[in-house]
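Chemist: Numbers 7 to 396, taken from our numbering, label the letters of the sequence shown in order.
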Amino acid sequence: MQSNQPFLIIPKLIEQPTWGGTYILTKKQFTQNKRFLQFKIGQSYEIFSGTKLATSINTTSDERFIPEIGFPDTPDTRQELFTLKPEQDFISLSDLIASGPDQILGPKIMKKYGKMPLLIKINQAQGNSFQLHIRHGQTYKHWIPKAESFYYFEKGLITFGLNPNTDIDQYKSTCITIEQYMMDLSNKIKNHQIVVADAKQKAQEFIQSLNPWQFVNTHVTQKGEVVDLSGGGVHHSWERNPDPHSFGNVLYELQEDVMDPVSTIRSFDQGSIKNDGSVRNLQIEDYFTLIDRDPNHNDLHLLNKNNVGSSTISTDMYVMDAHDLREVHTFETRDCFAHVHIEQGTAKVSTTSGFVELSAGHSCFIPYSAESYTIHPMQPSKILVSYLQT
7 MQSNQPFLII PKLIEQPTWG GTYILTKKQF TQNKRFLQFK IGQSYEIFSG
57 TKLATSINTT SDERFIPEIG FPDTPDTRQE LFTLKPEQDF ISLSDLIASG
107 PDQILGPKIM KKYGKMPLLI KINQAQGNSF QLHIRHGQTY KHWIPKAESF
157 YYFEKGLITF GLNPNTDIDQ YKSTCITIEQ YMMDLSNKIK NHQIVVADAK
207 QKAQEFIQSL NPWQFVNTHV TQKGEVVDLS GGGVHHSWER NPDPHSFGNV
257 LYELQEDVMD PVSTIRSFDQ GSIKNDGSVR NLQIEDYFTL IDRDPNHNDL
307 HLLNKNNVGS STISTDMYVM DAHDLREVHT FETRDCFAHV HIEQGTAKVS
357 TTSGFVELSA GHSCFIPYSA ESYTIHPMQP SKILVSYLQT
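Laid out in structure tokens, this is it:
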């Protein structure tokens with residue numbers, strides 16, 4: 007193993023029984039393995055601080071190439087499925103970085119961040135909480151900013167920003183009333199006064215009568231559209247599409263690698279109730295203290311969400327370039343590592359020290375020390391290349 011070779015990324019799949027699906031498994035061709043058909047997957051972590059990189063496998067067609075399934079901050083919960091061994095088959099990204107931080111991430115990235123700061127994931131979501139992230143430069147309690155941007159793989163449905171006619175006090179009062187009602191239902195379930203199914207039905211009826219969606223803007227997002235939330239402070243949610251043929255919100259997400267408990271501020275959780283009767287804790291006071299009320303920041307159409315120069319996404323932190331390739335093309339690593347994802351097609355990615363072959367839905371990591379890498383599309387392919395600003 008050399009530090010300037012490309013590494014096949016072993017995706018970490020996150021189960022989401024209430025809002026996940028089969029899109030990610032199908033895209034990655036893991037449904038061919040019947041062992042994975044039991045899972046509803048909501049997210050695939052394509053790179054983050056806990057990523058594993060294959061060392062004995064260099065093609066996604068290898069039958070040994072299977073994902074981890076678990077949670078981002080825990081070990082693989084399906085050890086009987088994940089058969090690769092760390093001493094011979096993979097290395098953790100953190101161990102690879104420790105072997106030569108400047109060579110792996112790039113000296114400018116290490117000086118600026120001191121670690122791998124980027125998280126890239128694929129999401130399939132039918133419904134999500136009303137939420138926001140604190141703006142960069144703000145300090146409030148324990149909250150940490152988290153820049154994030156969405157690139158849609160399929161048509162979706164979201165809420166974004168405050169409706170310009172919103173009475174903010176009425177909106178806050180509505181969220182508080184719903185939270186109190188949900189807590190009451192939760193207590194009744196735990197005291198065996200009502201069953202979960204009936205509680206869920208009552209929750210939806212009550213929420214529909216108050217209609218919290220009246221206070222925010224709803225948008226249909228198109229395939230290939232970008233939604234940039236990197237500025238922070240803006241309300242957003244993924245909504246449940248009533249179209250039975252909809253995949254939900256299927257998107258490629260770039261964000262800072264910051265966990266939800268210190269970054270995601272919620273005001274409404276769509277009436278979700280777990281099977282044990284528990285409901286999610288909300289941060290309604292913080293949400294309404296920190297929400298950006300500037301009308302120009304709450305209008306999706308006024309934000310710079312389209313191509314920036316040659317880049318599909320370009321923020322102060324990260325960049326994603328989308329390339330439609332039919333011929334061999336060589337890229338420089340700039341001042342940073344590179345992350346390459348195959349949205350459509352198949353491709354061979356090589357450096358002077360090795361190569362990997364990727365089918366659609368899969369990713370690889372290129373260390374900074376490679377200096378350059380070549381992508382050879384085996385058929386017309388759409389390639390997403392991501393890196394950090396330096």
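We put the beta carbon where it would ideally sit given N, CA and C, even for glycine.
What does residue 278 pair with, by DSSP beta-bridge criteria?
Modeler: None, per the DSSP bridge assignment.
Chemist: If you count every other CB in all the chains shown that lies within 10 Å of the CB of residue 266, and 16 or more means buried, which is it?
Modeler: Residue 266 comes out exposed.
Chemist: How many Å lie between residue 378 and residue 341 at the Cα?
Modeler: Near 11 Å, if we compare the C-alpha coordinates of residue 341 and residue 378.
Chemist: Between 48, 257 and 93, which lies nearest to residue 59 when the distance is taken from Cα to Cα?
Modeler: Measuring from the Cα of residue 59, the nearest candidate turns out to be 93.
Chemist: Would you list, in sequence order, the uninterrupted alpha helix (DSSP H) runs of no fewer than 4 residues that lie entirely inside the segment 236 to 318?
Modeler: For the segment 236 to 318, whole alpha helix (DSSP H) runs of length 4 or above, ordered along the chain, are 290 to 296.
Chemist: Given a cut-off of 8 Å, decide if residue 392 and residue 329 are closer than it, judged by their beta-carbon atoms.
Modeler: No; because the gap between Cβ atoms is not below 8 Å, this pair is not in contact.
Chemist: Which residue's Cα is closest to the Cα of residue 291: 167, 185 and 39?
Modeler: Here the closest residue by C-alpha is 185.
Chemist: Could you give the residue range of the beta strand (DSSP E) that holds residue 365?
Modeler: Note, residue 365: beta strand (DSSP E), 360 to 365.
Chemist: Just to confirm the assignment, what range does the alpha helix (DSSP H) spanning residue 202 have?
Modeler: Its alpha helix (DSSP H) spans residues 202 to 216.
Chemist: Terminal residues of the continuous beta strand (DSSP E) containing residue 49?
Modeler: First-last of the beta strand (DSSP E) with residue 49: 47 to 53.
Chemist: Does residue 379 come out as helix, strand or coil in the three-state DSSP assignment?
Modeler: Residue 379: strand per DSSP, three-state reduction.
Chemist: When you compare the segment 101 to 118 with the segment 346 to 364, are there three or more beta-carbon pairs, one atom per stretch, that lie closer than 8 Å?
Modeler: Verdict: no, contact absent.
Chemist: Any idea what DSSP makes of residue 140, helix, strand or coil?
Modeler: Three-state DSSP puts residue 140 in coil, outside helix and strand.
Chemist: According to DSSP, which residues form a beta bridge with residue 14?
Modeler: 60 and 370.
Chemist: Comparing C-alpha positions only, which one of 177, 89, 178 and 213 sits nearest to residue 188?
Modeler: The shortest C-alpha separation from residue 188 is found at 213.
Chemist: Are the beta-carbon atoms belonging to residue 305 and residue 288 less than 8 Å from one another?
Modeler: Not closer than 8 Å, so no.
Chemist: Using only the alpha-carbon positions, how far apart do residue 98 and residue 56 sit?
Modeler: Rounded to whole angstroms, residue 98 to residue 56 spans 7 Å at the Cα level.
Chemist: Hey, residue 246 and residue 132 are a contact pair by Cβ (cut 8 Å); roughly how many whole angstroms apart?
Modeler: That belief holds up - the Cβ atoms of residue 246 and residue 132 are roughly 5 Å apart, short of 8 Å.
Chemist: For the alpha helix (DSSP H) that residue 344 lies in, which residues bound it at each end?
Modeler: Counting along the chain, residue 344 falls outside any alpha helix (DSSP H), though it belongs to the beta strand (DSSP E) covering 344 to 350.
Chemist: The beta strand (DSSP E) spanning residue 100 covers which residue range?
Modeler: Taken as a continuous stretch (DSSP letters only), residue 100 belongs to no beta strand (DSSP E), being part of the alpha helix (DSSP H) at 99 to 104.
Chemist: Pull up the CB-CB distance for residue 244 and residue 134, whole angstroms please, since I reckon it's below 8 Å.
Modeler: At roughly 4 Å, the Cβ-Cβ gap stays under 8 Å, so residue 244 and residue 134 are in contact.
Chemist: So residue 164 is in the beta strand (DSSP E); what residue range does that whole segment cover?
Modeler: Start and end: 162 to 168.
Chemist: Roughly how many angstroms separate the alpha carbons of residue 35 and residue 111, rounded to a whole number?
Modeler: Distance between the alpha carbons of residue 35 and residue 111 is about 30 Å.
Chemist: So the candidates are 381, 284 and 51; which of them puts its Cα closest to the Cα of residue 336?
Modeler: Of the candidates 381, 284 and 51, the one whose C-alpha sits nearest the C-alpha of residue 336 is 381.
Chemist: Alpha carbon to alpha carbon, how far is residue 323 from residue 72? Give it in angstroms, no decimals.
Modeler: Cα to Cα, the separation comes out at about 31 Å.
Chemist: Contact between the segment 155 to 163 and the segment 246 to 257 is defined here as three or more beta-carbon pairs at a separation below 8 Å; is this criterion met?
Modeler: They touch, by the three-pair rule.
Chemist: Taking the alpha carbon of residue 49 as the reference point, which residue from 77, 195, 68 and 298 has its own alpha carbon closest?
Modeler: Answer by Cα proximity: 77.
Chemist: Does residue 374 pass the burial test, meaning 16 or more other C-beta atoms within 10 Å, or should it be called exposed?
Modeler: Per the 10 Å Cβ criterion, buried.
Chemist: Specify the secondary structure class of residue 326 as computed by DSSP and reduced to three states.
Modeler: In the structure shown, residue 326 sits in a strand (DSSP, three-state: E or B).
Chemist: Who are residue 76's beta bridge partners in DSSP?
Modeler: In DSSP, residue 76 forms a bridge with 20.
Chemist: In this structure, does DSSP put residue 175 in helix, strand or coil?
Modeler: It is helical.
Chemist: I need the straight-line Cα distance from residue 297 to residue 154, nearest angstrom please.
Modeler: Whole-angstrom Cα-Cα distance: 16 Å.
Chemist: Within the same chain, show all residues whose beta-carbon is closer than 7 Å to that of residue 9, passing over the 5 residues directly before and after it, in chain order.
Modeler: So the list reads 105, 106, 109, 110, 373 and 375, once near-sequence residues are dropped.
Chemist: Judging by CA-CA distance, which residue of 262, 357 and 45 is the nearest neighbour of residue 123?
Modeler: When each option's Cα is compared against that of residue 123, the closest is 262.
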